Amino acid sequence: MSRTYSDKGIVFKQVNIGEADNIVSILTKYHGRVDAVAKGVRKLTSRKSGSIELANLSSFAFAKGRNLDIITEAKTINDYKSLKTSLRTNFYIFFICEVLDNIIKTEDRQKEIFSLTSGLLEMLSTNINLILLCTFILKLMHLSGFDPNLTACLQCGKQLSEDEKKYASSFDLGLLCSREKNQRNKITNKQIKSLRYLRSCSLEDSLKLRVTDNEKTDLYITLLSWLEIIFGKEMKSGKYILKYKE
Ligand SMILES: [Zn+2]
Numbered sequence: 213m214s215r216t217y218s219d220k221g222i223v224f225k226q227v228n229i230g231e232a233d234n235i236v237s238i239l240t241k242y243h244g245r246v247d248a249v250a251k252g253v254r255k256l257t258s259r260k261s262g263s264i265e266l267a268n269l270s271s272f273a274f275a276k277g278r279n280l281d282i283i284t285e286a287k288t289i290n291d292y293k294s295l296k297t298s299l300r301t302n303f304y305i306f307f308i309c310e311v312l313d314n315i316i317k318t319e320d321r322q323k324e325i326f327s328l329t330s331g332l333l334e335m336l337s338t339n340i341n342l343i344l345l346c347t348f349i350l351k352l353m354h355l356s357g358f359d360p361n362l363t364a365c366l367q368c369g370k371q372l373s374e375d376e377k378k379y380a381s382s383f384d385l386g387l388l389c390s391r392e393k394n395q396r397n398k399i400t401n402k403q404i405k406s407l408r409y410l411r412s413c414s415l416e417d418s419l420k421l422r423v424t425d426n427e428k429t430d431l432y433i434t435l436l437s438w439l440e441i442i443f444g445k446e447m448k449s450g451k452y453i454l455k456y457k458e
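If you want the numbering used here, it's the position in the sequence shown, counting the first as 1, plus 212.
Right under this line is the structure:
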């Protein structure tokens, strides 16, 4: 087996180790999640440091290591600079990186998640829009095997009709009918239709969805709560996004 390999990837995590080294987590196109050591990157003279910034798309060369692989070369392809200029856009970056860190645990080939994420960063650089993030979350849930059930009640299995009250479950991925007790998160027919549309459309087409800012926020809050169920923890970066709305 070759001792070296190359790939392009999106950086989603950095952890300092030792005096000047970092462990960098990268969503690569062909090798899934790679956690590799970048040596000397915190020295001022390091040429690699720019290429391993969070949410950068870079091309990498890796050498196989005994435990972790080593980044031997890194060159920036796109640093999505416009996303790193304001607090609001930085929270988008932090959130996307946190989601990736929690959902991508293996070296399984994650080519679709790579394409989805690079497409999202590309589109957000010219249009910071919460609906793009909603679409990303839904598609990521789908690609990772966490599709929410948007047609039947999670408790009793009944198909949900248009003319009954429905709720977003706060302990599972999907919806509940009005017969289930203690439900708080009412969800409208329009919201359910929007979720179904966003799950199947492209990132580009998600921008065609006609929703008000409040409706966007409600969709996002529902999706965020489902992500928190999957991850079993609070997503603070996801909540900060709402403090700095469009
Ligand atoms: Zn039910």
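Every residue, glycine too, gets a C-beta built ideally from N, C-alpha and C. Predicted model, so just to flag it, every value in this text is computed and none were measured.
Rounded to the nearest whole angstrom, the CA to CA distance from G444 to S237 is 21 Å. Under DSSP, G221 shares a beta bridge with T240, S270. The Cβ atoms of S271 and S218 sit closer than 8 Å to each other.
Considering only S263, Q403, K351, the residue with the shortest C-alpha distance to N426 is Q403. Around the beta carbon of I289, fewer than 16 other beta carbons lie within 10 angstroms, which makes this residue exposed.
L336 is the residue among F274, L336, K323 whose C-alpha sits nearest the C-alpha of S418. Judged by pairs of C-beta atoms under 8 Å, the stretch 379 to 396 does not touch the stretch 343 to 350, as fewer than three such pairs exist. 8 Å or more divides the Cβ of L415 from the Cβ of T338. Put simply, the backbone Cα of V246 is about 7 Å away from that of L239. Sequence-distant Cβ neighbours of K225 in its own chain, meaning closer than 6 Å and more than five residues away, are S237, D313. Within the stretch 403 to 440, complete alpha helix (DSSP H) segments of at least 4 residues are found at 415 to 418, given in chain order.
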